[in-house]
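First to last, the protein sequences are chains L and B.
Take 1 as the starting number for the first sequence in the working numbering and just add one per residue.
Take 1001 as the starting number for the second sequence in the working numbering and just add one per residue.
All C-beta atoms, glycine included, are put in the ideal place defined by N, C-alpha and C.
Keep in mind the model is a prediction, meaning the values are calculated, not measured.
Here the structure is laid out as structure tokens; the discussion comes afterwards.
There are 2 protein chains.
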Amino acid sequence: MAERAAGPGRVGRRRALDEAEVVDAALRLLDRGGVEAVSVRGVAAGIGVAPNTVYTYFPDKAALLRALAERVLAEVDHAAAGSAGLPWRDRVHALAADLRARLLARPGAVGLLLSAPMDGPHALALGETLLAVLGEAGLAPREAARACYLLIVQVLGSVALEVAELEEGPVPAERERVAARREALRAVPAEHFPRTAAMADTVAEYISTEQFTWSIDRVLDGLTAVRPAPTGDAPGTDGTGAPGTGTPGRGRRS
Amino acid sequence: MAERAAGPGRVGRRRALDEAEVVDAALRLLDRGGVEAVSVRGVAAGIGVAPNTVYTYFPDKAALLRALAERVLAEVDHAAAGSAGLPWRDRVHALAADLRARLLARPGAVGLLLSAPMDGPHALALGETLLAVLGEAGLAPREAARACYLLIVQVLGSVALEVAELEEGPVPAERERVAARREALRAVPAEHFPRTAAMADTVAEYISTEQFTWSIDRVLDGLTAVRPAPTGDAPGTDGTGAPGTGTPGRGRRS
DNA sequence: TCCATTTCTGTACGGTGTGCAAATAAAGTA
DNA sequence: TACTTTATTTGCACACCGTACAGAAATGGA
């Protein structure tokens, strides 16, 4: 099993591949065919090797999929968020848009990210970059960390819902996808769902870039809205999760 | 194939079950064993029938899974959001918390919701309820619709990321899950990810109820933050999705 | 050269979704 | 009642899946 990788003082038959080549083959399968096209046998065939050979490089399929998810995250453009000249809001937008675009270009990649803990180095790097931007924006570290998760959840969640509507095969343009949604929404019975039916056009645009940008903007508004200074009570959680008074912006500890 | 369901003037052998019984069997498998335990053969065995019989009720497995997702959504407590006495923020919190709790009680259900379009009647009903609350909160219909999607994305996204960390088997208490995360985060190298390492305790609490509530609060803040009145320009989308000026709260059309 | 060690392959097992033809059961008709 | 028509259910089969196991092939060290 893949215990100790290569090394000069190592004995035994040399391996013909390395982990990256296996992941690359998996990525090719992911790109055409989605996540369900990524099979151990398919990956093995893609690199001209017996199916079991894959288990020399990864202990099981789940590990291969985790590596594949990391591989996808590796391509995210952190530089977009680092351009020091831009206002911080724009830098968050750039990072979010880049992540969304990469994931939309690879339907099935989102499912990958959402089916295993995001604890790999590239996942950490993404969080670190976002944390830096939010820190420079003036958020206290604790607020920045929470805001970081809030934003990641929003991006991954919206891409996931967006991809969930896709058929197999090539991804249609956003325009067509919205149009298809609008058409499908004409079947919503107004007598049961009056508000939804009345706003069908806006509902059709849920999967649009505009809704995505609008959502991020509202989140950023919420992160910067002035609210009562945090109280200085003990740092333990109250743990109830129960809604409080209902007054807007009730602050919780930093 | 399941063309026309039962009817009084119908000829042919009577079916021994109905769709609901099939979905119930699938739900039992989902509850113990997660989404990957839901197999056509397992469902058939659960109701004492040959595997192919399932195809009399659903055209394929995907259709069965869609029905199962709907079945899960059917259990959401809309009354929690309808208690007219409470402030609207609390009603949103109640609905969000209820949805989260139901999905956490059934790990694997989120994956179900995120692997097919949410266009069933119970999905529509959920949106309609949320839309009503947001409308009563004073949001313009278009804003309310967009806010509705933003909130759904946040809830489903955060539950999805939360569930992604779970092992097979029974779900540990939140306290233990956070502790396990905290322990795992001790391995983060501070030289590469200084901010993440510094905030490890907060990062460990990403999956907590408190972070969930905090995130919803920030979103609600963002939805109610005062911002420039929408400009009256043409209703077409600009379609670029490019970030704008960076000034906070730049309003887009209602 | 022999040996220890590692990688790679052949084979096999139990599982999956589902297509197809035959069997079965009900209703309509004669 | 007997026969036809139709819908449901089943047995069988196929192709695919993840992966365990034992042996073969290749390497470096002694």
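- The Cβ atoms of B/Pro-1141 and L/Ala-198 lie closer than 8 Å to each other.
- In this structure, B/Val-1219 sits away from L/Gly-108, with a CB-CB distance that is not shorter than 8 Å.
- Counting only residues of its own chain and dropping the five nearest sequence neighbours on each side, L/Gly-135 has a CB closer than 8 Å to the CB of Pro-141, Ala-144.
- Cα atoms of B/Tyr-1206 and L/Tyr-149: separation of roughly 7 Å, rounded to the nearest angstrom.
- The beta-carbon of B/Gly-1157 is placed less than 8 Å from the nearest beta-carbon of chain L.
- Straight-line spacing of the CA atoms in L/Ala-80 and L/Leu-95 works out to 6 Å.
- In its chain, beyond the 5 residues on either side, Ala-1200 have a beta carbon closer than 8 Å to the beta carbon of B/Arg-1186.
- Excluding five sequence positions before and after B/Arg-1066, the CB atoms of its chain that fall closer than 6 Å to its own CB belong to Ala-1116, given in chain order.
- Among the residues facing chain L, B/Ser-1115 is included, as its CB has a counterpart in that chain under 8 Å away.
- The Cβ atoms of B/Val-1171 and B/Leu-1104 lie closer than 8 Å to each other.
- Excluding its 5 nearest sequence neighbours in each direction, B/Glu-1070 has C-beta neighbours in its own chain below 6 Å: Gly-1120, His-1122, listed in chain order.
- Between B/Leu-1156 and B/Leu-1114, the gap from beta carbon to beta carbon is short of 8 Å.
- Between the beta-carbon of L/Lys-61 and that of L/Val-35 there is about 11 Å, and that puts the pair past the 8 Å contact cut.
- B/Gly-1046 is not a Cβ neighbour of B/Ala-1063, given a cutoff of 8 Å.
- Residues of chain B with a Cβ closer than 9 Å to the Cβ of L/Asp-60 do not exist, since the nearest Cβ in that chain sits about 13 Å away.
- Close to L/Pro-141, with beta-carbon spacing below 9 Å, are these residues of chain B in chain order: Arg-1195, Ala-1198, Met-1199, Thr-1202.
- With a contact defined as Cβ atoms closer than 8 Å, L/Ser-215 and B/Val-1153 qualify at about 7 Å.
- The three-state secondary structure of B/Glu-1162, taken from DSSP, is helix.
- Just so you know, the alpha carbons of B/His-1093 and B/Leu-1139 end up roughly 17 Å apart.
- Taken through DSSP and simplified to helix, strand or coil, L/Ala-109 comes out as helix.
- Sequence-distant Cβ neighbours of L/Val-163 in its own chain, meaning closer than 6 Å and more than five residues away, are Pro-107, Val-110.
- For B/Ala-1125, the enclosing alpha helix (DSSP H) begins and ends at 1121-1136.
- Secondary structure note for L/Glu-174: its alpha helix (DSSP H) is the uninterrupted segment 174-185.
- Burial is judged here by how many other beta carbons sit within 10 angstroms of a residue's own beta carbon; B/Ser-1083 has fewer than 16 and is exposed.
- At a C-beta separation below 9 Å, B/Val-1171 has no neighbours in chain L, since its nearest C-beta there lies roughly 15 Å away.
- Taken through DSSP and simplified to helix, strand or coil, L/Asp-98 comes out as helix.
- DSSP, reduced to helix, strand and coil, places L/Gly-33 outside both helices and strands of the structure shown, so it counts as coil.
- Taken through DSSP and simplified to helix, strand or coil, L/Arg-13 comes out as coil.
- Looking at the backbone, the Cα of B/Asn-1052 and that of L/Leu-130 are separated by about 50 Å.
- At a Cβ-Cβ threshold of 8 Å, B/Val-1133 and B/Arg-1102 do not count as neighbours.
- Cβ-Cβ distances below 8 Å link B/Leu-1029 to Ala-1037, Val-1038, Ser-1039, Gly-1042, Val-1043, Gly-1046 in the same chain, with the five nearest sequence neighbours on each side left out; the list follows chain order.
- Annotation for B/Thr-1202: no residue places its beta carbon closer than 7 Å to its own, counting only its chain and skipping 5 residues before and after.
- Within the segment 1210-1224 of chain B, the residues whose Cβ lies closer than 8 Å to any Cβ of chain L are, in chain order, Glu-1210, Gln-1211, Phe-1212, Thr-1213, Trp-1214, Ser-1215, Asp-1217, Arg-1218, Val-1219, Leu-1220, Asp-1221, Gly-1222, Leu-1223, Thr-1224.
- Counting the other Cβ atoms within 10 Å of the Cβ of L/Glu-191 gives fewer than 16, which makes it exposed.
- At a cut-off of 8 Å, the C-beta of L/Ala-67 has no neighbouring C-beta in chain B.
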